[in-house]
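> Pasting in a structure now, in structure tokens, and then I'll have a few things to ask.
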């Protein structure tokens, strides 16, 4: 039996994928083989020695200590694309909120409750909340992955001029963009022409604070900035200065913090609702569960953020999976001995190797493989 620990509430449509004859699923597990998580912070979590993988029901993984997990032989999965449509739709809402003072108008209208002259006051006061239309405006999309690509195509359909920049965009993904979406080679080229800029890149050590005063200076005056990725991408102090000067007209953020809530009239803070739809939560839960099952039962790795992708059909009765760092693949193969099929893949310094064998894999054999320099973990399934 495999033990699956739920670190957050996971949609039942996802957990129903676990066969009750093979899996124990619950919130309390002393010796978990896998964890499913949404937003729970695992950085201070002491992982049991039995833990083989963590599946994040969502795209962002900044709540998981990736290096710590990799060095412990714990494969971390995410679910890219599963919540993309939900986020795309709220980004479109953000475009409209940034263009017209809908939020301010609604709040003002609430103050007319019980006023017999409300209708007249509405007609007289509505002009203070007037805005602009998005039709014909230019949207700059930074990052054209699962979400950015959908946003770009949708904005094109709404009549916007769309430019996108993604230095890491594969050709097959680029082919999914509408022909009207112009791909530019540099962010600077995008900043120079965009009336709106929307961020769709991960928060990493390299991108933290990437959007600062130097970048804002390259944007058009009165640009509207949308951040449905992560708060850490934007230097808050520089943002406030840019809002005060009018360089940035509106900032719509789905990751509000103490530094951005209530500090400026032109910040629209949404409480992390991007993927908070029934459909997104269901899609993420199902994908996370299926990836977990495939790894535990077959050793296949799909959508891992700390180990390489590896999928191989079974060719033998038993399978040996080896996770290593800075290891000699030849030494590992020698320790494994005879196999009917094998394969391997690397990601940075990390190696994942799989060997299908006919006979039973003894404890002595797994210990022999584990003794090879650089080997972190050996699984026999």
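In my numbering, the protein residues as written are 3 to 383. From the three backbone atoms N, C-alpha and C, an ideal C-beta is built for every residue, glycine too. Nothing here was measured: the structure is a model prediction, and the numbers come from that model.
1. Where does residue 151 fall in DSSP's three states?
2. Touching or not, the stretch 61 to 80 and the stretch 304 to 319, by the rule of three or more beta carbon pairs under 8 Å?
3. Could you give the uninterrupted runs of the beta strand (DSSP E) lying entirely in the stretch 231 to 290, keeping only those of 3 residues or more?
4. Would you check if the stretch 101 to 110 and the stretch 125 to 137 touch, i.e. whether three or more CB-CB distances between them fall below 8 Å?
5. Return helix, strand or coil for residue 131, following the three-state DSSP convention.
6. Which residues share a DSSP beta bridge with residue 358?
7. With 16 other CB atoms within 10 Å as the buried threshold, where does residue 263 fall?
8. Reducing DSSP to helix, strand and coil, say where residue 210 ends up.
9. Taking contact to mean 3 or more Cβ pairs, one atom from each stretch, closer than 8 Å, check whether the stretch 316 to 327 and the stretch 345 to 360 are in contact.
10. Which same chain residues, not among the five before or five after residue 182, have their C-beta less than 6 Å away from its C-beta?
11. Let me know the alpha helix (DSSP H) ranges lying completely inside the stretch 154 to 180, each 4 residues or longer, listed in chain order.
12. Please determine if the stretch 56 to 63 and the stretch 333 to 343 are in contact, where contact requires at least 3 C-beta pairs separated by less than 8 Å.
13. If you measure between the beta carbons of residue 89 and residue 312, is that distance less than 8 Å?
14. Closer than 8 Å by C-beta to residue 137: which residues in its own chain qualify, once you throw out the five before and the five after it? Chain order, please.
15. Using alpha carbons as the reference points, say which of 227, 141, 210 lies closest to residue 192.
16. Do residue 201 and residue 171 have their C-beta atoms within less than 8 Å of each other?
17. Would you mind working out which of 96, 70, 383 sits nearest residue 295, comparing C-alpha positions?
18. Following the continuous beta strand (DSSP E) through residue 143, name the residue where it begins and the one where it ends.
19. What separation, rounded to the nearest whole angstrom, lies between the Cα atoms of residue 175 and residue 203?
20. Could you check where the alpha helix (DSSP H) with residue 194 kicks off and where it finishes?
21. Looking only at its own chain, which residues have a Cβ that is under 8 Å from the Cβ of residue 298, when we skip the five neighbours before and after it?
22. Which residues bound the alpha helix (DSSP H) around residue 97?
23. Could you check if residue 275 is buried or exposed, using at least 16 other CB atoms within 10 Å of its CB as the buried criterion?
24. Alpha carbon to alpha carbon, how far is residue 40 from residue 71? Give it in angstroms, no decimals.
25. Which one of 338, 281, 44, 42 has the shortest CA to CA distance from residue 366?
26. Count the CB pairs spanning the stretch 250 to 268 and the stretch 7 to 22 that are closer than 8 Å, and state whether there are at least three.
27. According to DSSP, simplified to helix, strand and coil, what is residue 372?
28. Rounding to the nearest angstrom, what Cα-Cα distance links residue 117 and residue 289 in this structure?
29. Tell me the DSSP secondary structure of residue 68 in three-state form.
30. According to DSSP, what are the bridge partners of residue 293?
31. Here's the rule: buried if 16 or more other CB atoms are within 10 angstroms of the residue's CB, otherwise exposed. What is residue 345?
32. On a Cα-Cα basis, can you pick out the residue from 149, 233, 216, 38 that is closest to residue 189?
33. Is it buried or exposed, residue 120, if we count other Cβ atoms within 10 angstroms and call 16 or more buried?
34. Name the DSSP bridge partner or partners of residue 306?
35. Going by alpha carbons, who is nearest to residue 343 out of 325, 205, 152, 314?
36. Spatial neighbours of residue 81 within its chain, please: CB distance less than 8 Å, with the 5 preceding and 5 following residues excluded, ordered by chain position.
By the coordinates alone:
1. helix
2. yes
3. 250 to 255, 269 to 271
4. yes
5. helix
6. 321, 343
7. exposed
8. coil
9. yes
10. 158
11. 173 to 176
12. no
13. no
14. 160, 161, 162
15. 141
16. no
17. 383
18. 140 to 144
19. 15 Å
20. 189 to 195
21. 4, 35, 36, 54, 55, 383
22. 86 to 101
23. exposed
24. 17 Å
25. 338
26. no
27. helix
28. 51 Å
29. helix
30. DSSP output for residue 293 lists no bridge partner at all.
31. exposed
32. 216
33. exposed
34. 79
35. 314
36. 57, 58, 59, 60, 61, 285, 286, 289, 290, 293, 305
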